[in-house]
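Here the sequence shown is numbered in numbering that gives the first Met the number 0, starting from 0 and rising by one per residue. What follows is a set of notes on a single structure, which appears directly below.
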Amino acid sequence: MSGEALLLDVRELLRRPGERRRQTGEHHLSDLGLSTARVPATAAVSFDLILESLTDGMVVTGSVSAPWVGECRRCLEEIGGTIVENVREVFSERPIEGETYPLEGHAIDLAPMFREVVLLGLPMVPVCDLGPSCPNLRRFADVTFEVGGGQASGETPRDPRWAALDELHFRPDAPEH
Ligand SMILES: [Zn+2]
0 MSGEALLLDV RELLRRPGER RRQTGEHHLS DLGLSTARVP ATAAVSFDLI LESLTDGMVV
60 TGSVSAPWVG ECRRCLEEIG GTIVENVREV FSERPIEGET YPLEGHAIDL APMFREVVLL
120 GLPMVPVCDL GPSCPNLRRF ADVTFEVGGG QASGETPRDP RWAALDELHF RPDAPEH
């Protein structure tokens, strides 16, 4: 992980609270993805940020973007796009777990922030832009599923990938309370 750090020296900024500096660029992060969508290994995260010094840290605002690829959850076609996320994060000498990032001496490391922002921005349920004309179950007919331990009879084995869609829809068979 340390090889992926993007350390910025903010010594000059820290000397003058309220001062700002723009920071733009690209940074590679490996294994950046979810089971549903991911940033291609060859792609980089792009950023356009303003660093502003506080009396006891830094605030980083701006945008972070990255290309992604995945499979449409309905027709399984390969799809992709670009996520653009606005950020406003604080780097502090006394970081709070899950809320602020550490200010390490005179430097901040942007890589952990990029990773978190991009992972949160990736689509959990990517669908193709065909919308209603997405071929939907087209491919499922050609796919044979293996159910662990033996083939269940009478009921069509469900692709675990549908579980994500189930989360989004009410279940008619769910008991009501
Ligand atoms: Zn589709």
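Cβ coordinates follow ideal geometry from the N, Cα and C atoms, glycine included.
- For Cys133 and Ile107, the gap between their C-alpha atoms comes out near 44 Å.
- Note that the stretch 32 to 41 does not touch the stretch 55 to 63; fewer than 3 beta-carbon pairs, one per stretch, sit closer than 8 Å.
- The residue from Ser45, Asp55, Pro125, Glu77 with its alpha-carbon nearest to that of Pro101 is Asp55.
- Contact between the stretch 69 to 78 and the stretch 6 to 18 is absent, with fewer than three C-beta pairs closer than 8 Å.
- Sequence-distant partners of Ser64 (beyond 5 residues in either direction) whose C-beta falls short of 8 Å from its own C-beta, in its chain, are Val44, Ser45, Phe46, Thr81, Ile82, Val83, Glu84.
- Distance from the CA atom of Glu18 to the CA atom of Val126, rounded to whole angstroms, is 43 Å.
- In the DSSP secondary-structure assignment, Glu84 is bridged to Val63.
- DSSP lists Val44 as the bridge partner or partners of His26.
- Look at Arg93 here: in three-state DSSP terms it is coil, with no helix or strand label.
- In the DSSP assignment, the residues bridged to Ser52 are Met57.
- Contact annotation, Pro16 with Leu53: C-beta distance approximately 6 Å; criterion of less than 8 Å satisfied.
- In the assembly as shown, Arg114 is a buried residue. Its beta-carbon has 16 or more other beta-carbons within 10 Å.
- Burial of Arg37 is indicated by the presence of at least 16 other C-beta atoms within 10 angstroms of its C-beta.
- Counting only residues of its own chain and dropping the five nearest sequence neighbours on each side, Arg87 has a CB closer than 8 Å to the CB of Val58, Val59, Thr60.
- Taken from the Cβ of Glu76, at least one heavy atom of ligand 1 lies inside 7 Å.
- By the C-beta density criterion, Leu109 is buried, having at least 16 other C-beta atoms within 10 angstroms.
- Annotation for Pro134 indicates a beta carbon within 7 Å of some heavy atom of ligand 1.
- Counting along the chain, Glu103 sits inside the beta strand (DSSP E) bounded by residues 100 to 103.
- Distance from Leu13 to Arg20 at the Cβ level is roughly 11 Å; contact not present, criterion being Cβ atoms closer than 8 Å.
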